[in-house]
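Colleague:
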């Protein structure tokens, strides 16, 4: 299991799953881009979750060799019965506003490499590992095969940004849209292998990615969000922090767990946004909306 310090999605996910069906869930691998996470911090987080049923390996998901190594570690930790992948890859690369798009190319290239190619690489190597586990001879010979049994499942974290593009997050929006489109195509491609593929698309998450921009988002939510119009309880929020009108709702043992355990869920995107939509207020009595955001990604 991999965790990025101060981003709570994967930590929360494991805690809510491990109480439900330990034997099934222990063969799942939770993956997140953690290139800058210290190994010691990851190992300590793993011990706090479940020392016997959680494993940690630092991985660069943009590197095929690094992911292959992580896949091997995860498989060995789960008695070579690896059957599921929860993949959450995304970074925020905010920079000061500029009127030259050329200034954003370098960061955008890196962001897309992590969000899209990182998802592609991890999903591809996981699917190959599952297929080699069940069909080693056919995989070795290159023979095509079809099965009617479920052999694995993938859940990729996309974003509501992939559904409604935002002018302030150019590369992130494109990267998450690519993750959503790729996951839909992959669900069809892996159907004959008995591997389901679904996505989860959250709205704003109070994580390290948001950082100093949290007050800005809270102000926008207060002005434009109609639901939920009450404080969110810790049992409802996916990120461990209860915030008023913060529409990232996942009931404990609920949404993501449902995609794991329901074998009929395939090629589905679960939007978790409380019905909130980004609205740019360009009223004449307001300042330029580009000045209200802390930065451009």
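Numbering (my numbering), first residue to last: 16 to 312.
We put the CB at the ideal spot given by N, CA and C, even for glycine.
Under 9 Å, do residue 205 and residue 169 count as touching if we go by C-beta distance?
Modeller: Within the chain shown, residue 205 is the residue found at index 190, counting from 1. Within the chain shown, residue 169 is the residue found at index 154, counting from 1. Contact flag set, yes.
Colleague: Tell me the residue span of the alpha helix (DSSP H) that contains residue 169.
Modeller: Position 154 of the chain shown, counting from 1, holds the residue named residue 169. It is not in any alpha helix (DSSP H) - residue 169 instead sits in the beta strand (DSSP E) that spans 167-172.
Colleague: So, with DSSP's three-state summary, where would you put residue 217?
Modeller: Here residue 217 corresponds to residue number 202 of the chain shown, with the count starting at 1. Strand at residue 217.
Colleague: Report the rounded CA-to-CA distance for residue 281 versus residue 211, giving the unit in angstroms.
Modeller: Here the question's residue 281 lines up with position 266 in the chain shown. Here the question's residue 211 lines up with position 196 in the chain shown. The straight-line gap from Cα to Cα measures roughly 5 Å.
Colleague: Tell me whether residue 121 is buried or exposed, calling it buried when 16 or more other Cβ atoms sit within 10 Å of its Cβ.
Modeller: By 1-based counting over the chain shown, the position of residue 121 is 106. Exposed, since its Cβ has fewer than 16 Cβ neighbours within 10 Å.
Colleague: How close, in whole Å, do the beta carbons of residue 175 and residue 218 come, if the pair is a contact with beta carbons under 8 Å?
Modeller: Numbered from 1 along the chain shown, position 160 holds the residue referred to as residue 175. Numbered from 1 along the chain shown, position 203 holds the residue referred to as residue 218. Residue 175 to residue 218, Cβ: 5 Å. Contact.
Colleague: Where in the region 94-132 do unbroken runs of the alpha helix (DSSP H), each at least 4 residues long, occur, reported from the N-terminal end onward?
Modeller: List check, alpha helix (DSSP H) in window: 120-127.
Colleague: Please state the DSSP three-state secondary structure of residue 286.
Modeller: Working through the chain shown from its first residue, we reach residue 286 at position 271. Correct three-state label for residue 286: strand.
Colleague: Starting from residue 91 and walking both ways along the alpha helix (DSSP H), at which residues does that stretch end?
Modeller: Here residue 91 refers to the residue found at position 76 of the chain shown. Per DSSP, residue 91 belongs to the alpha helix (DSSP H) from 79-92.
Colleague: Take residue 100 as the anchor and find which of 125, 144, 287, 110 has the nearest alpha-carbon.
Modeller: To locate residue 100, count along the chain shown from 1; it is residue 85. Cα-wise, what sits closest to residue 100 is 144.
Colleague: Below 8 Å on the Cβ atoms is my guess for residue 166 versus residue 98; work out the distance and round it to an integer in Å.
Modeller: Position 151 of the chain shown, counting from 1, holds the residue named residue 166. Position 83 of the chain shown, counting from 1, holds the residue named residue 98. Indeed they touch by this definition, with Cβ atoms about 7 Å apart.
Colleague: Would you report the Cα separation of residue 118 and residue 111, rounded to the nearest angstrom?
Modeller: As a first step, residue 118 must be located in the chain shown, where it is residue number 103. As a first step, residue 111 must be located in the chain shown, where it is residue number 96. Their backbone Cα atoms lie some 10 Å apart in a straight line.
Colleague: Let me make sure I understand the geometry here. Which of 214, 157, 150, 126 has the alpha-carbon closest to that of residue 164?
Modeller: The residue you call residue 164 lines up with position 149 of the chain shown. Out of 214, 157, 150, 126, 150 has the C-alpha closest to the C-alpha of residue 164.
Colleague: Out of curiosity, what's the CA-to-CA distance linking residue 215 and residue 186?
Modeller: Along the chain shown, read from residue 1 onward, the residue named residue 215 stands at position 200. Along the chain shown, read from residue 1 onward, the residue named residue 186 stands at position 171. Cα-Cα distance, rounded: 19 Å.
Colleague: Classify residue 212 as helix, strand or coil using the three-state DSSP reduction.
Modeller: Here residue 212 corresponds to residue number 197 of the chain shown, with the count starting at 1. Reduced to three states, the DSSP call for residue 212 is strand.
Colleague: Taking residue 172 as the reference, which of 283, 300, 70 has the closest Cα?
Modeller: Position 157 of the chain shown, counting from 1, holds the residue named residue 172. Nearest C-alpha to residue 172: 283.
Colleague: Rounded to whole angstroms, what's the CA-CA distance from residue 273 to residue 114? Just pull it up for me.
Modeller: Working through the chain shown from its first residue, we reach residue 273 at position 258. Working through the chain shown from its first residue, we reach residue 114 at position 99. Each residue's Cα considered, the two are about 44 Å apart.
Colleague: Just how far apart, CA to CA, sit residue 196 and residue 161?
Modeller: As a working mapping, residue 196 is identified with position 181 in the chain shown. As a working mapping, residue 161 is identified with position 146 in the chain shown. Going from the Cα of residue 196 to the Cα of residue 161 covers about 23 Å.
Colleague: Rounded to a whole number of angstroms, what is the C-alpha to C-alpha distance between residue 213 and residue 142?
Modeller: One-based indexing of the chain shown puts residue 213 at position 198. One-based indexing of the chain shown puts residue 142 at position 127. Cα-Cα distance, rounded: 14 Å.
Colleague: Measure the alpha-carbon distance for residue 192 versus residue 129 and round it to whole angstroms.
Modeller: As a first step, residue 192 is located in the chain shown; it is residue number 177 there, counting from the start. As a first step, residue 129 is located in the chain shown; it is residue number 114 there, counting from the start. Residue 192 and residue 129: Cα-Cα distance of roughly 13 Å.
Colleague: On a CA-only basis, which of 201, 89, 232 is nearest residue 139? Give me that one, please.
Modeller: Reading the chain shown from its first residue, position 124 is the one you call residue 139. Measuring from the Cα of residue 139, the nearest candidate turns out to be 201.
Colleague: Please state if the CB of residue 105 and the CB of residue 190 are separated by a distance shorter than 9 Å.
Modeller: Looking up residue 190 in the chain shown gives position 175. Looking up residue 105 in the chain shown gives position 90. A contact, by the Cβ cut-off of 9 Å.
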